[in-house]
Every structure is written in structure tokens, then in C-alpha cells.
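Numbering (this note's numbering), first residue to last: 772 to 937. Glycine included, each C-beta is placed from N, C-alpha and C at the ideal position. Reviewing the structure listed below.
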């Protein structure tokens with residue numbers, strides 16, 4: 772079995788937001804599938820779009836444009852904590868040499884009052900690299916990644932409902 776090597780990777784697609792965005796959802800860094808597809812949560816087994824669609828009571832978007840429209844229509848911004856890092860494949864646990872995205876700059880261009888992080892690694896990275904600048908405590912939610920199989924769809928829904936409550 773060939774061992775995957777660590778490589779330095781830069782985020783190649785920008786955040787989804789507009790001036791009306793009120794909620795920011797942050798992941799850690801795009802998976803290999805997301806980097807290949809050049810959009811967030813592109814892995815077919817990732818439950819992000821399924822969870823969000825269910826909570827918003829809309830049909831699950833398929834195209835990148837439909838996904839962007841779903842987010843913007845519901846005042847949701849989407850980005851990742853990391854702009855570039857050393858990573859082995861899609862493994863969050865392998866992430867090193869982090870350069871964070873400029874989250875404070877995005878906040879200045881929006882009405883974001885709530886920040887949600889998708890999983891433990893995003894939470895850890897946000898606290899380490901962004902919290903001091905943003906001064907907004909993030910709500911940590913369980914990862915929608917297929918690697919987080921211990922969380923059923925129903926359990927994810929129950930936790931992710933917190934996005935829309937105060």
C-alpha cells in the first residue's frame with residue numbers, strides 16, 4: 772500500500788457571501804473531492820447539503836450555482852478557516868503550517884452575527900487563529916463528513932438546528 776504524502780495546498784475557491792449574510796459556517800479546509808470539484812462539501816457522502824436542505828425545508832441543491840443561491844437566499848455565508856496548509860489527502864489530523872483566511876475582513880462586508888464551525892478541527896483552528904480577531908465565539912457542531920459516521924443523519928439534524936436558534 773502506497774503511503775500518501777503531505778503536500779502544501781492553497782484554497783482555490785473563495786467564500787460564498789453577500790452583504791446580507793448573517794450566519795457564517797466555517798469548515799477547516801476542503802477535502803480532496805472538494806478541491807477537485809472546486810466547491811464546498813463536494814464529496815457525495817458528505818451530509819452538509821442534505822442537512823442544510825432538510826433544515827431549510829427545500830430541495831437539495833445539485834449544481835454549484837444552486838448551492839450558492841440556497842446559501843445567499845437564506846443569509847448564510849460559507850468559507851473555511853484555512854487559506855493554505857500542509858495536508859495529507861483530506862486528513863484534518865495531518866494539517867500543519869496553517870495560514871488562516873481573513874475572516875475579520877469578510878465580517879466587515881456582511882451582517883454576520885453568528886459563526887458556526889463544522890466539526891472539531893474547524894473549531895480548534897478557529898479558536899487558535901481567528902477568535903482573537905473576530906471576538907465572536909463560534910458554535911461547534913458535529914462534522915457532516917463521511918468520516919464522522921458515528922453521527923446519524925437524525926442526530927446531525929438535531930444538533931445543526933442550533934444554526935437557526937439563538
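| Check | Outcome |
| --- | --- |
| Residue(s) in a DSSP beta bridge with residue 798 | 851 |
| Inter-residue Cα distance where the pair is residue 868 and residue 860 | 15 Å |
| Beta-carbon contacts of residue 756 that lie in its chain and below 8 Å, excluding the five residues immediately before and after | Here the chain comprises residues numbered 772 to 937, so residue 756 is not present and cannot be evaluated. |
| Whole-number beta carbon distance between residue 866 and residue 856, since they are thought to touch under 8 Å | 5 Å |
| Residue nearest to residue 892 in terms of C-alpha spacing, selected from 873, 919, 879 | 919 |
| Sequence-distant residues of its chain with Cβ nearer than 8 Å to residue 816 (five each side left out) | 917 |
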